[in-house]
Structures are given as C-alpha cells and as structure tokens.
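Asker: In this note's numbering, the protein residues as written are 1399 to 1679.
1. Less than 8 Å between the beta carbons of residue 1486 and residue 1573, yes or no?
2. My output table needs one value for residue 1586: the three-state DSSP class, helix, strand or coil.
3. For residue 1540, count the other beta carbons within 10 Å of its own beta carbon; 16 or more makes it buried, fewer makes it exposed. Which is it?
4. Can you check DSSP and say which residues form a bridge with residue 1441?
5. Here's the rule I'm using: 16 or more other beta-carbon atoms within 10 Å means buried, otherwise exposed. How should residue 1434 be labelled?
6. Can you say whether residue 1410 is buried or exposed, counting buried as having 16 or more other CB atoms within 10 angstroms of its CB?
7. For residue 1576, tell me which candidate among 1597, 1470, 1588 and 1447 has the shortest Cα-Cα distance.
8. If distances are taken between C-alpha atoms only, which option among 1564, 1625 and 1643 comes closest to residue 1552?
9. Our contact map puts residue 1611 next to residue 1478 with C-beta atoms below 8 Å; I'd like the distance itself, whole angstroms only.
10. So with Cβ pairs under 8 Å, would you call residue 1561 a contact of chain B?
11. On a Cα-Cα basis, can you pick out the residue from 1436, 1445, 1638 and 1538 that is closest to residue 1651?
12. When we look at the beta-carbon of residue 1468 and count the other beta-carbons within 10 Å, is it buried (16 or more) or exposed?
13. Would you mind giving the Cβ-Cβ distance between residue 1600 and residue 1518, rounded to the nearest angstrom? I have them listed as a contact below 8 Å.
14. Could you compute how far the alpha carbon of residue 1440 sits from the alpha carbon of residue 1641?
15. Residue 1564 and residue 1521 - do their beta-carbons sit closer together than 8 Å?
16. Are the Cβ atoms of residue 1547 and residue 1530 separated by less than 8 Å?
Below you can see the structure in the form of structure tokens.
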C-alpha cells in the first residue's frame, strides 16, 4: 500500500519533473559543457579547454564580478530596509482583509506595464530636467541640476522599484503567519515593544526575508537591460554575458553564467542552512 502511494505521488509529480528537466536541467548541463569548449568565429568548437575559466581572472572581469555583487547586495539591503516597514504595516496596522487586498492590488498595478517601459519612465524623474531636479532647485537645495542618471545610484533606484514587491510579499506572508499570542506573551512578561519585535517578530519573519533576498539577488545579478540603460560605463556580469554572446563568444559567456550560478547556489545553501524557509509555506 505504501509503495503504491509513493508511486502515485511520483506519477503526479512526473509532468513537473519532465518540464523541469527539459527547461532547466538540460539547458544548465549544456551551459556547463559549453563553458569548457573552445570559442570560434562561428560560436564554438567541441574541443576541451580551460581557457574560458582562466579568462575570468582578467582584471576587467574580476571588476565586473565585484561590481555586480556589490550592486546586488546594496539593492537587497535597500529593498529589505524599505520593504519590511511596508509589509509590517500591511500585516499589523491594517486589519481589514479587504483593505489589505486593495493595497496589494494597487502596488501590483505598475507591474502590469512592460518592464522596459516601466524602467524608461525613470528618465523624466531622474533626468537633468526631471521632476527631482526641478523640486531640488525650487526648494533652493541646489542651484544647478544634479546628475542622477547613469551611475550606480540610478541602477539601485530602478532595481528597487522593480523588485520591492517581490521582497515585500514574502515578508508580509511570513508576518501574517506569526501567532499574535507569541508577541502578547512576550509583552506580558515585561518585554517592550521593541524587544518583542526584536526577539519574536523579526526572527519569525526571517523566512520571508530570505525568500525576498533570494529573488532580488537572482534578478539583479542577471539583469543587464537596466545597467545598459541607467549605468552607462558600469560593467556587470550580466552585461558581459550579453556582450560575449552577441560577439559569438558563447563558451566564455557560458563560463561567466556558470560562475554566477555557482555563487548564487552557494549563497542559497548558506542562507537556507540557517533559516527554515519551509515555515513560509
């Protein structure tokens, strides 16, 4: 009976496993194999080489790797710091499920727009003649426009707007699953509001923060259109992969992709080892 139940479970999962294998595992294995092949004018030759991985140590690419993960880490921190209060307010200060749904729907509305269009809309906001510069000059805070575009700050701002919802939502779900009696018990034992938050609410909402961090990290590391549009002169791994692929240097592009995947998987392992993400589900 138990064997039959297990077999039926595997049969139910088999379509998902097949799709996962076709669209994830097989392309990933091909990418790893491609990273060990020799570049050629037509793309690649199936001749084994370690040159692609040796080239990762070139200064231009080590700098791109450092810039990529620095920008991604800064974006994760900014997004987490700003998304947590929103999620907390939505979970604890707004009790009406109807109002919660309405606010969440309002936050989702910008994401109904195409990503590129939504991203380009920051030009009239951050530009030299944009809204922010006009406001700064009207308030007398600056006598001339400030360059807010084409730098790392602009990239982080755009990434924040693009991915804040994906940080806020899992945090909101984690906060919603916390039993209010746990906080009440801490308060009844003499803990202040801050202590109860720090000792009870914050640790129990960690799975939501981890899921949000993973999503933002993966999205920003692989995002190159935003860097191309707002980070003029900034080189990241995602942009380098796109450039190498456009130049038909597919093996080196694959090596860069394998490096990114390895670093992200390593970060996932470390994070998930210390945080029980299953609590969120």
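Backbone N, C-alpha and C define an ideal beta-carbon position, used for all residues, glycine too.
Answerer: For this structure:
1. With a cutoff of 8 Å on beta-carbon distance, residue 1486 and residue 1573 are scored as near each other.
2. In this structure, DSSP gives residue 1586 a helical state, which the three-state scheme calls helix.
3. Exposed: under 16 other Cβ atoms inside 10 Å.
4. Its beta-bridge partners are 1438.
5. Buried, by the Cβ-count rule.
6. Exposed, since its Cβ has fewer than 16 Cβ neighbours within 10 Å.
7. When each option's Cα is compared against that of residue 1576, the closest is 1597.
8. 1625 is the residue among 1564, 1625 and 1643 whose C-alpha sits nearest the C-alpha of residue 1552.
9. Between residue 1478 and residue 1611 the Cβ distance is about 7 Å, and since that is below 8 Å, they are a contact.
10. Annotation note: the requested chain B is absent from the structure, which comprises a single protein chain.
11. When C-alpha distances from residue 1651 are compared across 1436, 1445, 1638 and 1538, the shortest belongs to 1638.
12. Label assigned to residue 1468: exposed.
13. Contact flag wrong, Cβ pair sits at about 37 Å.
14. Distance from the CA atom of residue 1440 to the CA atom of residue 1641, rounded to whole angstroms, is 15 Å.
15. Residue 1564 sits away from residue 1521, with the two beta carbons spaced by 8 Å or more.
16. No, these two residues do not count as a Cβ contact at 8 Å.
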